[in-house]
Structure formats: structure tokens, C-alpha cells
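Numbers in this note's numbering are just positions in the sequence shown, counted from 1, shifted up by 302.
Cβ atoms here follow ideal geometry from the backbone N, Cα and C, with glycine treated the same way.
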Amino acid sequence: MATFKEFRNNVKPNWCPGCGDFSVQAAIQRAAANVGLEPEQLAVISGIGCSGRISGYINAYGLHGIHGRALPIAQGVKLANRDLTVIASGGDGDGFAIGMGHTIHAIRRNINITYIVMDNQIYGLTKGQTSPRSAEGFKTKSTPEGSIESALSPLELALSSGATFVAQSFSSDLKQLTSLIEEGIKHEGFSLINVFSPCVTFNKVNTYDWFKENITNLDTVEGYDSSNRIHAMTKLMETGGLLTGLIYQNKDRKSYEDLVPGFRKEPLAAQNPAITAEEFEKL
Ligand code: SF4
Ligand code: MG
Numbered sequence: 303m304a305t306f307k308e309f310r311n312n313v314k315p316n317w318c319p320g321c322g323d324f325s326v327q328a329a330i331q332r333a334a335a336n337v338g339l340e341p342e343q344l345a346v347i348s349g350i351g352c353s354g355r356i357s358g359y360i361n362a363y364g365l366h367g368i369h370g371r372a373l374p375i376a377q378g379v380k381l382a383n384r385d386l387t388v389i390a391s392g393g394d395g396d397g398f399a400i401g402m403g404h405t406i407h408a409i410r411r412n413i414n415i416t417y418i419v420m421d422n423q424i425y426g427l428t429k430g431q432t433s434p435r436s437a438e439g440f441k442t443k444s445t446p447e448g449s450i451e452s453a454l455s456p457l458e459l460a461l462s463s464g465a466t467f468v469a470q471s472f473s474s475d476l477k478q479l480t481s482l483i484e485e486g487i488k489h490e491g492f493s494l495i496n497v498f499s500p501c502v503t504f505n506k507v508n509t510y511d512w513f514k515e516n517i518t519n520l521d522t523v524e525g526y527d528s529s530n531r532i533h534a535m536t537k538l539m540e541t542g543g544l545l546t547g548l549i550y551q552n553k554d555r556k557s558y559e560d561l562v563p564g565f566r567k568e569p570l571a572a573q574n575p576a577i578t579a580e581e582f583e584k585l
């Protein structure tokens, strides 16, 4: 069985020292090993942004796609090969601005993949502009007088779009983050995991200390029922979305693949005895 070290490659990340994305990379590698995957059973598909580089830093199949389009590619990979565990990943700009249409419809569709968003409430790769997750009044080069627009609440949107797995974590909590990614991988449907992943270079407001002071960890909330969508929505609204843990899971709804009549579960070669595996490879 592969250890987390086998999900490492020899590419050195060029994230800034202290960037929250390092923890997400480590958590994916640990979670993949903990659920018993081998590197050739995992595909990591990413969009564009600092976080989008993550697919190049994990020893697995990977594709660094185009801006906001990690999800269409990841869903296609999964439908082409249901045996692969597929993780899509990117940043808040990638997934909640240019890619938002794909995000909402992927949630509705409920294909069995895991989507990990590294949410730093800013555009880091382009050197610090306001993102859809930036708070009202947030000052950057693109909003020098402070952002006028309200911040998007992606997890409330996910719940109202029929999400079957919604979780949130924080780069400083590697144990919780790893465990949520494991649960997301095991979930039979679309799992959304938003991660507060601080940008230490350009976001001087939403820092590690700021999150530590403001986050409510659901592991400490007594009586919380993650199978209750109303609980989930209420708790998100009460905390302004600053909530970590498993927020909602619906284990009853089947994945898209399981609901498509006649959708093949086995590779084509296994279904058609007239084609050998060797012949299939040549197709
Ligand atoms: Fe991370 Fe920000 Fe540096 Fe990008 S600019 S690598 S998000 S710290
Ligand atoms: Mg961002």
C-alpha cells in the first residue's frame, strides 16, 4: 500500500513560504494514502491561479487546465474512467468567479468527484486583486477605496443547489483537513471542501491569526447534525460562513453515474469480450 511519500514528486512548489496551499498539498497526499489509493488510481485536475499549480506537485495523474474549467475536465475524466479517484482543485477566483457556473452545475449534477477550493479571499497569482470572496470594504489594487460588492457565500450557494457533501477547513488544521478530504473521497457523489488557505503575501487582513480568532470549529459544537440541511444553513449564516468541519452530508442521494441508465461501470474492454485489453489500448 502506498504511503503519503509516494504521492510526492520531485517538483519543488514555487508558492511563497508560508502559503496555505502547502498544507492542502500535504493533506491530499496523506488522505490519498489513508484511503488506500495508489498514485495511478488518483487524478488531480486543477484550474489557474497559485493554487492551480497543485496538480503538478502530486505524484498522480494530473492536468493543469484552463481558468475556471477544472470541473468540466474533472467530470469528464471521472465519466471516462470510473475507477479513478478524481480531485478537482483551484482557488476562490477560479471556482467562484470565472468558474462559478461550472461549480453550481457540478454540485447539482453530483458526479462522484471531490472539489477542493483554496480560498484566500484574493487573487494571488495576479498580485493581489479583490476576489468574489473578499469582504465588503476590502482594499486592494483593484478596489483602492474598498470593495463595494458583497462577498459571495459559496457554501450557502452549494446547499441551496442540492449539494450532497459540504465541508470547510483551514490550512493550519492539517489533521481536520486530511480527514475531511478522506471523507470527501469516500462520499459517493460530489464533495465540496472549501479551505481557508491564507495568502501571506497579498492578503494582510485574512491572516492565520485572523482565521484562528474568527473560526468556529464544528467539532466543538455539541448537538450539531450534519445530515440536517437546515442546521447547516443556519450555522453558516450565524457564523458568516466562518465554520470548519463537516457541514452537511446527504448519503441517500445517488451519484449521477449511478442514475444514468446503462452507464458502464466497467472499462469497455471488460464489457465487450470481442475486444482484448491490448486491443482496447490501441483504440
Ligand atoms: Fe500563496 Fe499568495 Fe504566494 Fe500565491 S501569492 S503562492 S496565494 S502566498
Ligand atoms: Mg484566491
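For residue 389: DSSP bridge partner residues: 346 and 416
Residue 425 beta carbon near ligand 2 (any heavy atom closer than 7 Å): yes
Short Cβ contact (8 Å threshold) for residue 346 with residue 389: yes
Cβ shell of residue 443 (< 8 Å), same chain only, five flanking positions each side left out: 429, 430 and 431
Assigned exposure category for residue 313 - 16 Cβ within 10 Å defines buried: exposed
Straight-line gap, residue 360 to residue 399 (C-alpha atoms, nearest Å): 25 Å
Inside the region 454-506 only - beta strand (DSSP E) runs reaching at least 3 residues: 467-472 and 493-498
Within 8 Å, strictly: CB atoms of residue 483 and residue 416: yes
Residue 504 CB to nearest heavy atom of ligand 1 below 7 Å: yes
Terminal residues of the alpha helix (DSSP H) in which residue 406 lies: 402-411
Beta-carbon proximity of residue 329 to residue 454, cut-off 8 Å: no
N- and C-terminal bounds of the beta strand (DSSP E) containing residue 550: 545-551
Nearest-angstrom Cα separation, counted from residue 408 out to residue 363: 21 Å
Span of the beta strand (DSSP E), counted from its first residue to its last, around residue 366: 363-366
Contact under 8 Å by Cβ, residue 499 with residue 421: yes
Top-ranked residue by Cα proximity to residue 524, from 547, 506 and 513: 547
Given residue 426 as reference, the closest of 310, 349, 501 and 465 once Cα atoms are compared: 501
Nearest to residue 556 (by Cα), restricted to the options 504, 464 and 517: 464
Sequence-distant residues of its chain with Cβ nearer than 6 Å to residue 334 (five each side left out): 309 and 344
For residue 505, the nearest candidate out of 469, 358, 437 and 373 (CA to CA): 437
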